[in-house]
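When you line the sequence shown up against the working numbering, it's residues 3 to 70, in that order. Think of the CB as a built atom: it goes at the ideal place given N, C-alpha and C, for glycine as much as any other residue. Inspection log for the structure reproduced underneath, given as structure tokens.
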Amino acid sequence: MAESVSETEDLTFTCPRCEAQAVEAFYGPCSHCRALLREQYAGLEKDVEAEEYAPKMNVTPNAVALKE
Numbered sequence: 003m004a005e006s007v008s009e010t011e012d013l014t015f016t017c018p019r020c021e022a023q024a025v026e027a028f029y030g031p032c033s034h035c036r037a038l039l040r041e042q043y044a045g046l047e048k049d050v051e052a053e054e055y056a057p058k059m060n061v062t063p064n065a066v067a068l069k070e
């Protein structure tokens, strides 16, 4: 049977960003790199307004119902 990984176990891995050894709960940038990324991109958020969804009309509505 496969061993399950507990959420409290820390993983030892090489940081994919700075290539330093890291001990973290999840794989990804180390805590130092995460702090640098937060600092670098802080305040760059912007509100994005998506246009309203309009379904593409390839066929006329109820085309099957109008078929004789």
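Can you say whether C20 is buried or exposed, counting buried as having 16 or more other CB atoms within 10 angstroms of its CB? Taking the first residue of the sequence shown as 1, we reach residue 20 at position 18. Looking at its Cβ environment, which holds fewer than 16 other Cβ atoms inside 10 Å, C20 is exposed.
Under a three-way DSSP split, which group does L38 fall into? As a working note, residue 38 is residue 36 in the sequence shown. Reduced to three states, the DSSP call for L38 is helix.
Quick check on the burial criterion: 16 or more other C-beta atoms within 10 angstroms. Buried or exposed for A24? Sequence index remark: in the sequence shown, residue 24 carries index 22 (1-based). A24 comes out buried.
Where L38 and E51 are concerned, what is the direct C-alpha to C-alpha distance, given to the nearest angstrom? Sequence index remark: in the sequence shown, residue 38 carries index 36 (1-based). Sequence index remark: in the sequence shown, residue 51 carries index 49 (1-based). So the alpha carbons of these two residues sit roughly 28 Å apart.
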